[in-house]
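Since the structure comes first, as structure tokens, the remarks are kept for the end.
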Amino acid sequence: MSSALGGPFYRLWSASLASNLADGLLAAAAPLLALRLTDDPFAVSAITAASFLPWLLFAIASGGLVDRHDRRRVMGTANTVRFLVAASVGTLVATHHLPLWALVAAVFALGSMETAFDGGAQALVPAVAPPSHRDAANSRFQAGEMVMQGFVAVPIGAALFALSEPLPFALSALTFAGSAALALTLPSAAARARAADRPTTAPTSAPDAPTPVPRQGFVHELVEGARFLWHHATLRPLWIFSTLSATALTFGQGALIVYVVDGLGIPQGAVGAFTALAAVGGLVGAAIVGPVRRRFGRATSMVGSELFTGPALILLGLVPAGLGGRVVGCVAFALAAMFVMIWNTNAMTVRQSLIPAELLGRVNGTWRTVGWGLTPVATLLGGLVARAGLRLPLLIGGALSVAVVLVMGARVHRALTAAESTVSGDAGSEGTPAEPVGPAAEAVAVSTLDV
2 MSSALGGPFY
12 RLWSASLASN
22 LADGLLAAAA
32 PLLALRLTDD
42 PFAVSAITAA
52 SFLPWLLFAI
62 ASGGLVDRHD
72 RRRVMGTANT
82 VRFLVAASVG
92 TLVATHHLPL
102 WALVAAVFAL
112 GSMETAFDGG
122 AQALVPAVAP
132 PSHRDAANSR
142 FQAGEMVMQG
152 FVAVPIGAAL
162 FALSEPLPFA
172 LSALTFAGSA
182 ALALTLPSAA
192 ARARAADRPT
202 TAPTSAPDAP
212 TPVPRQGFVH
222 ELVEGARFLW
232 HHATLRPLWI
242 FSTLSATALT
252 FGQGALIVYV
262 VDGLGIPQGA
272 VGAFTALAAV
282 GGLVGAAIVG
292 PVRRRFGRAT
302 SMVGSELFTG
312 PALILLGLVP
322 AGLGGRVVGC
332 VAFALAAMFV
342 MIWNTNAMTV
352 RQSLIPAELL
362 GRVNGTWRTV
372 GWGLTPVATL
382 LGGLVARAGL
392 RLPLLIGGAL
402 SVAVVLVMGA
412 RVHRALTAAE
422 STVSGDAGSE
432 GTPAEPVGPA
442 AEAVAVSTLD
452 V
């Protein structure tokens, strides 16, 4: 399987891993730095809001850029900018000249560039991974993100910050630079959708001298991506289902850390170990996604994984305080992450197989704009409900997640079943490149829910 994926895939994956490492370092260090600058909880929460807001504002536009331009250069440019921003923050921290507003602005800028880098990375996966190994490729991406941000980056970032406040920002800057360099080494054939998929020239009487045809306007191209998603018989119900489910699950976790500490009695110093269980569950999910899909089929494994995610959250919200409750709560949390990973990996493969290569960035951008844009709202609502009872968000969010499955699960199952031959086929009949680039091509001759 490794040889089938080939060198281009592993360079893309390495660039993504390095970027996730840098993201995790900043996710640990930025809130800690904000606490050093102010004791206002609302001001500190602005850091989280600033990290999610770009997905609401720029995800669709970033998708348009990814589809218009060389995807390697989009990724390289985005992380070069992030290198400069992180390095500037580190310098200002070292010289004690960083005001809170500048930190918030920096987090917003970093998040804005993340929409471009992540959009480019997802759009490149079909170009460097053969269809028969796309589930494996997506599970590597999902598991790698969980490991880097859940196991590696956050504890390292917090430890480095305690040692010297500028250190995590400096290391993240260097990691962003390395990620940008790796992205630029990807084969040129992977840079964009195939020329045949993008009519940019028109035939003339002289075949060797094509006449360029002006592109459609940028806004028109963005609308084209949204229109494709809305009118697709499989993707639209999948998108609505995924968005509603993810919103319910995000609401359920709106006050999770407070519940873990005050409700379950887990010491603050052990909260990191508790949240790391999500990474453990995610790794298990990544390991079993292939066998589960082969045993039950893609449609059943996806809808079934979502059906069990809600009860896992409900179980977490019902466990009593005490050692036994903590153990059961930890298991429930890991199970929820495992089921989410099964959904995410399959959902990524479905999108990559059904979305034409030249639309992949824009459609993914539209998908994420709505889903991720609702994340801050759902989180705040969960926090407000938690004032009436710390267990309520988990119970309500889990119940809402189950309700989404009961209302839409059958329709989504039918849509996925109807599209299974296309998703599992040897070629991207809906426009996805059938052949990977570089060394992987020789071997062929022998993807919280993701929103």
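Adding 1 to a residue's 1-based position in the sequence shown gives its number in the working numbering.
Backbone N, C-alpha and C define an ideal beta-carbon position, used for all residues, glycine too.
Taking only three categories from DSSP, how would you classify residue i?
i       : result
Thr-251 : helix
Arg-363 : helix
Ala-338 : helix
Gly-298 : coil
Leu-391 : coil
Thr-96  : coil
Ile-315 : helix
His-134 : helix
Ala-287 : helix
Pro-55  : helix
Pro-238 : helix
Asp-41  : coil
Would you decide whether residue i is buried or exposed? Buried here means 16 or more other CB atoms lie within 10 Å of its CB.
i       : result
His-221 : exposed
Asp-68  : buried
Trp-102 : exposed
Gly-7   : buried
Trp-231 : exposed
Arg-388 : exposed
Gly-383 : buried
Gly-325 : exposed
Pro-100 : exposed
Val-261 : buried
Ala-29  : buried
Thr-96  : exposed
Closest to residue i by CA distance: which of the options is it?
i       : options                            : result
Val-105 : His-97, Thr-116, Val-90            : Val-90
Leu-27  : Tyr-11, Thr-370, Ala-51, Phe-10    : Ala-51
Trp-368 : Leu-164, Trp-56, Asn-80, Val-259   : Trp-56
Arg-392 : Leu-6, Gly-255, Leu-183, Leu-18    : Gly-255
Ile-61  : Leu-375, Gly-399, Asn-365          : Asn-365
Ile-356 : Ala-322, Met-409, Thr-423, Thr-310 : Thr-423
Ala-300 : Gly-330, Ala-287, Trp-344          : Trp-344
Leu-509 : Ala-31, Thr-116, Ala-30            : The structure shown does not extend to residue 509, since the chain spans only 2 to 452, so no value can be given for it.
Asp-119 : Leu-93, Arg-73, His-134            : Arg-73
Thr-78  : Ala-31, Ala-288, Ser-20, Val-341   : Ser-20
Ala-76  : Ala-184, Leu-34, Thr-96            : Looking at the sequence itself, residue 76 is Met, so the reference to Ala does not match. If we check each option's Cα against that of Met-76, Ala-184 comes out closest.
Ala-358 : Ala-107, Ala-23, Val-259, Phe-229  : Phe-229
Leu-360 : Ala-400, Ala-337, Ala-227          : Ala-227
Leu-111 : Phe-59, Asp-71, Ala-138            : Phe-59
Phe-455 : Leu-13, Asn-347, Asp-263           : The structure shown does not extend to residue 455, since the chain spans only 2 to 452, so no value can be given for it.
Leu-417 : Leu-239, Ser-165, Asn-80           : Leu-239
Check whether the Cβ atoms of residue i and residue j sit closer than 8 Å, and answer yes or no.
i       : j       : result
Thr-276 : Ala-419 : no
Val-290 : Asp-136 : yes
Gly-283 : Val-153 : no
Leu-250 : Ser-140 : no
Leu-278 : Ala-335 : yes
Gly-410 : Val-281 : no
Gly-145 : Leu-18  : yes
Thr-244 : Gly-372 : yes
Gly-1   : Phe-242 : Here the chain has residues from 2 to 452 only, and residue 1 is not among them.
Ala-322 : Gly-266 : yes
Val-82  : Phe-170 : no
Phe-84  : Ala-174 : yes
Ile-315 : Leu-396 : yes
Pro-377 : Phe-53  : yes
Ala-379 : Thr-248 : yes
Over the uninterrupted alpha helix (DSSP H) stretch that includes residue i, give me the two end residues.
i       : result
Ile-157 : 155-164
Met-149 : Taken as a continuous stretch (DSSP letters only), Met-149 belongs to no alpha helix (DSSP H), as it is neither H nor E.
Thr-176 : 168-185
Thr-116 : 101-129
Between residue i and chain D, is there a C-beta pair that is closer than 8 Å?
i       : result
Ser-246 : In the displayed structure, chain D is absent; only one protein chain is listed.
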